[in-house]
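Note that the protein sequences, when read in sequence, are chains A and B.
Position 150 (the first sequence) corresponds to 183 in our numbering; numbering is contiguous.
Position 68 (the second sequence) corresponds to 72 in our numbering; numbering is contiguous.
All residues carry an ideal CB built from backbone N, CA and C; glycine is no exception.
Since the model is a prediction, treat every value here as computed from it, not as a measurement.
See below for the structure under consideration.
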Amino acid sequence: MIRYIVKRILLMIPVILGVTWLIFTIMYFTPGDPARMLLGSDATEEEIVAKQEALGLNDGYVVRFVRYVKQVFVDFDLGNSYVNNRNVGTEIAQRFPYTFRVAAISVVIAVLLGMPLGIMAAVNQYTWKDNFSMLLALVGISMPGFWVGLLLSLLFALTLGWLPASGVGGIAYYILPCLSIGVNGCASIARQTRSGMLEVIRQDYVVTARAKGQVERKVIYGHALRNALIPIITQIGTMFGIQLSGAMVAETIFSIPGIGTYMVSGIKSRDYPVVQGSVLYVAIAFSLIMLLVDLVYAFVDPRIRAQYQKKSKRKGGA
Amino acid sequence: MRGDLKSKGFKKESMLSTTFHRLRKNRMAVLGLIFIVAMGIIAISAPLIAPYGYEEQDLYNIFSKPSANHWFGTDSLGRDIFSRIIYGGRYSLQIGFGAVALACSIGVMMGSLAGFYGGKLDLILMRVLDVMQSIPGLLMSIAVSATLGSGIGNCIIALSVSTIPGYARMMRATMLNIRDMEYVEAARSVNAKDSRIIFRHMLPNALAPTIVQATMGIAQAILVAAMLSFIGLGVQPPTPEWGAMLSEGRNYIRDYPHLVLFPGLAIVLAVLSLNMLGDGLRDALDPRLKN
């Protein structure tokens, strides 16, 4: 198991180098001169040239890329923002808790609403319950999350005044942004749960469980759901990973100082270190979540667990 | 496939017509198809249908609520929202279909080459996809869109870059499945060229999952395009793209919610019909799942 984890983490290295190169190249070709943007329109040509020199923007592609890679992977420094000169690593660390909270709460909402909906639909296939919940889910995946966010904030914050419209603070501030993200997630988890459940619900072992007189609740949750869980977990993991990279739009609408808003403002002001640093963070966070998902598989499914053990035994014996 | 075996000896039905027969029985899918075709026709013939021009300002009538004159009301410059939504369909649908067409053709090409030839080519292509996929798609689209600047063409490219890996992987998996089928061997035994085997024999048999994915992909592309315009990338106001309209209306949401409500409903309707069609296509192409 540990061997496997180490191997996976080592495999992340080339991917992360690739991402660094990719985003560096994209930013290199992005039109717009950071020096000119920083100094504004009244700056003289000499000032701009001096600033470009100071930021190292005049060097060639290879020089800049090598310098950046050395800075990140040798000195472990993501660099400072061009705009406010604050360290990108520190800034990401400060913003991370907000993004993490939003991601975690919205995934929990999506799972708590989506899975029961999907199970109910599958168990009552082709009844009005199934049709109704699947219609709901279909509408759910078809709504833009930011539009839901706007409507929610119009209803609950601006009209009724029950919840704060923007900013951060207590749990009340997280309800609307997380709901607006959760709606899509809930709908897609419900659909995945239904189709996963339908695939296993006619299997022989489910029939056997019923035949031996097992309580229906245990048949559904212990026998059927457990075998349908793998793709659902993948979906939950992907959703969590994507949300960890910052809900750019929800964070913008509800003014949450998370990683999403950081990245968008970085892209808009051509703040290369900010964009490169946060994309790097996203790639690492995403890969780690995916690794976690694979480990959860082993926890849920004894067959997968056995595979890991067999492998390590074989290797240990050789 | 099963259907073909059963009708052995009779006139053989093509996969397309069997699929279409099954699709016709699915009321939701037919409804989706009708809706999306209708939206397409309305968007194309916008100048004939829209009561006002999309840039026609009526400064005496700004922010008017929905009425008989202005079905969906007017915006901050007195422009008719109903007309703008009709014209906006041109942009949103064009972006959705364009992005999928581009991503699909590149992805299918990469996937079939990787799946057919395997070996080193496969390895390299798959590693490239790994790197592309370790950046979440949305972020990738945002970065590319920032690089290229605004505009419909650039928006289409930004959206397709992030979805190419999905199509490529799916195509590769399907190609691997059918690579060793008898009919491929038969084609090879009569010394058919590789390109002929891929395009004439394998692709038609491997396209089914891609068609489903593409239909859903158009829906997804429309959603993401709206989001890009909303955060200030992609297509920009005053172009009446639906997301751009939302982003303009957002500032007035407290007093004039109709500025936000109707463009959003247009997006939901388009995406919903495409998803309904996609669901129906999936069931029609793969009746196993229906039980």
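With DSSP run on the structure shown, which of helix, strand or coil describes residue i?
{"i": "ASP198 of chain B", "result": "helix"}
{"i": "ASN255 of chain B", "result": "helix"}
{"i": "ASN113 of chain A", "result": "strand"}
{"i": "LYS301 of chain A", "result": "helix"}
{"i": "GLU60 of chain B", "result": "coil"}
{"i": "LEU285 of chain B", "result": "helix"}
{"i": "TYR131 of chain A", "result": "helix"}
{"i": "ASN73 of chain B", "result": "coil"}
{"i": "MET176 of chain A", "result": "coil"}
{"i": "LYS29 of chain B", "result": "helix"}
{"i": "ALA76 of chain A", "result": "coil"}
{"i": "ARG192 of chain B", "result": "helix"}
{"i": "SER352 of chain A", "result": "In the structure as shown, chain A starts at 34 and stops at 351, and residue 352 of chain A therefore has no counterpart that could be examined."}
{"i": "GLY268 of chain B", "result": "helix"}
{"i": "TRP54 of chain A", "result": "helix"}
{"i": "THR285 of chain A", "result": "helix"}
{"i": "MET185 of chain B", "result": "coil"}
{"i": "PRO47 of chain A", "result": "helix"}
{"i": "PRO248 of chain A", "result": "A quick correction: the sequence has Val, not Pro, at residue 248 of chain A. VAL248 of chain A: coil per DSSP, three-state reduction."}
{"i": "GLU86 of chain A", "result": "helix"}
{"i": "LEU184 of chain A", "result": "helix"}
{"i": "VAL132 of chain B", "result": "helix"}
{"i": "MET113 of chain B", "result": "helix"}
{"i": "MET206 of chain B", "result": "helix"}
{"i": "GLN381 of chain A", "result": "What the structure shows of chain A is the stretch from 34 to 351, and residue 381 of chain A is not part of that stretch, so it cannot be assessed."}
{"i": "GLU245 of chain B", "result": "coil"}
Could you round the C-beta distance between residue i and residue j to whole angstroms and report it? I think they count as a contact, below 8 Å.
{"i": "ASN135 of chain A", "j": "ALA280 of chain A", "result": "A small correction: the amino acid at residue 135 of chain A is Val; Asn does not occupy that position in the sequence shown. Yes, they are in contact, since the Cβ atoms of VAL135 of chain A and ALA280 of chain A sit about 6 Å apart, within 8 Å."}
{"i": "GLN268 of chain A", "j": "ILE222 of chain A", "result": "6 Å"}
{"i": "VAL239 of chain B", "j": "TYR95 of chain B", "result": "6 Å"}
{"i": "VAL239 of chain A", "j": "VAL248 of chain A", "result": "With 8 Å as the limit, VAL239 of chain A and VAL248 of chain A do not qualify as a contact, their Cβ atoms being about 13 Å apart."}
{"i": "LEU35 of chain B", "j": "MET280 of chain B", "result": "6 Å"}
{"i": "ALA107 of chain B", "j": "SER164 of chain B", "result": "4 Å"}
{"i": "LEU289 of chain B", "j": "THR23 of chain B", "result": "6 Å"}
{"i": "SER311 of chain A", "j": "VAL48 of chain A", "result": "Rounded, the Cβ-Cβ distance is 17 Å, inconsistent with contact."}
{"i": "ILE358 of chain A", "j": "MET230 of chain A", "result": "No information on residue 358 of chain A is available, as it lies outside the stretch 34 to 351 that chain A covers here."}
{"i": "LEU184 of chain A", "j": "ALA190 of chain A", "result": "Incorrect: roughly 11 Å between the Cβ atoms, too far for contact."}
{"i": "ALA68 of chain A", "j": "ILE81 of chain A", "result": "5 Å"}
{"i": "LEU71 of chain A", "j": "VAL116 of chain A", "result": "7 Å"}
{"i": "ALA150 of chain B", "j": "THR285 of chain A", "result": "Not quite, the Cβ-Cβ distance comes to about 15 Å (not below 8 Å), so this is no contact."}
{"i": "ILE40 of chain B", "j": "ALA212 of chain B", "result": "Rounded, the Cβ-Cβ distance is 20 Å, inconsistent with contact."}
Identify the residues that DSSP records as bridge partners of residue i: which are they?
{"i": "ASP84 of chain B", "result": "B:THR78"}
{"i": "ASN120 of chain A", "result": "A:ASN113"}
For residue i, which residues in the same chain have their Cβ closer than 8 Å to its Cβ, ignoring the five residues on either side in sequence?
{"i": "LEU63 of chain B", "result": "LEU81, GLY82"}
{"i": "VAL282 of chain A", "result": "GLY178, PHE179, GLY182, GLY293"}
{"i": "ARG100 of chain A", "result": "GLY89, ASP92"}
{"i": "SER116 of chain B", "result": "MET175, ARG176, MET179, ILE202, MET206, LEU207, ALA210"}
{"i": "MET176 of chain A", "result": "VAL216, ASN217"}
Please go through the same chain and pick out, in chain order, the residues whose beta-carbon is closer than 7 Å to the beta-carbon of residue i, but skip the five residues on each side of it.
{"i": "GLN61 of chain B", "result": "LEU81, GLY82, ARG83"}
{"i": "SER68 of chain B", "result": "HIS74, GLY77, THR78"}
{"i": "SER288 of chain A", "result": "SER199, GLY200"}
{"i": "VAL104 of chain B", "result": "ALA218, GLY221, ILE222, ALA225"}
{"i": "ALA357 of chain A", "result": "Here chain A covers residues 34 to 351 and nothing more, so residue 357 of chain A does not appear."}
{"i": "VAL329 of chain A", "result": "ILE266"}
{"i": "ALA331 of chain A", "result": "ILE337, ARG338, TYR341"}
{"i": "TYR187 of chain B", "result": "HIS205"}
Counting only Cβ pairs nearer than 9 Å, list the residues of chain C close to residue i.
{"i": "ASP287 of chain B", "result": "Absent from the structure is chain C; the protein chains it does hold are A and B."}
I'd like the list of long-range same chain contacts for residue i, defined as Cβ closer than 6 Å, with 5 residues on each side in sequence excluded.
{"i": "ALA318 of chain A", "result": "LEU277"}
{"i": "LEU146 of chain A", "result": "CYS219"}
{"i": "ASN30 of chain B", "result": "GLY284"}
{"i": "GLY111 of chain B", "result": "ILE168, TYR171, ALA172"}
{"i": "TRP246 of chain B", "result": "GLY92, SER96, ALA230, PRO267, ALA270, ILE271"}
{"i": "ALA261 of chain A", "result": "GLY229, MET230, VAL233"}
{"i": "PHE234 of chain B", "result": "GLY247, LEU250, SER251"}
{"i": "PRO244 of chain B", "result": "TYR58, ARG88, TYR91, GLY92"}
{"i": "ARG224 of chain A", "result": "ALA170"}
What residues in the region 46-69 of chain A have a beta carbon less than 7 Å from any beta carbon of chain B?
Per Cβ criterion, the list reads VAL48, GLY51, VAL52, LEU55, ILE56, ILE59, PHE62, THR63, PRO64.
Scan the region 249-281 of chain A for residues whose Cβ lies nearer than 8 Å to a Cβ of chain B and list them as they occur along the chain.
GLY274, ILE275, SER278, MET281
Against chain A: residues of the region 145-159 of chain B by CB proximity under 8 Å
Hits within the stretch, in order: ILE146, ALA147, VAL148, ALA150, THR151, GLY153.
Mind checking the region 110-139 of chain B against chain A and listing, in chain order, the residues whose C-beta falls within less than 7 Å of any C-beta there?
Per Cβ criterion, the list reads ASP134, VAL135, SER138, ILE139.
Which residues of the region 155-188 of chain A have a Cβ closer than 7 Å to any Cβ of chain B? Give them in chain order.
LEU171, VAL172, ILE174, SER175, MET176, PRO177, PHE179, TRP180, LEU183, LEU187
Residues from the region 298-312 of chain A in contact with chain B, defined by Cβ distance under 8 Å
ILE300, LYS301, VAL308, VAL312
Between the region 311-331 of chain A and chain B, which residues of the former have CB atoms less than 8 Å from a CB of the latter, in chain order?
Identification of residues in the region 311-331 of chain A having a C-beta nearer than 8 Å to some C-beta of chain B yields VAL312, VAL315, ALA316, PHE319, SER320, given in sequence order.
Contact residues within the region 113-145 of chain A, judged by C-beta distance below 9 Å to chain B
Correct list: empty, as no residue qualifies.
Interface positions of the region 186-207 of chain A facing chain B (Cβ-Cβ less than 7 Å), listed along the chain
LEU187, LEU191
Closer than 7 Å, Cβ to Cβ, to anything on chain A: give me those residues from the region 262-280 of chain B, in chain order.
VAL264, GLY268, ILE271, VAL272, VAL275, LEU276, ASN279, MET280
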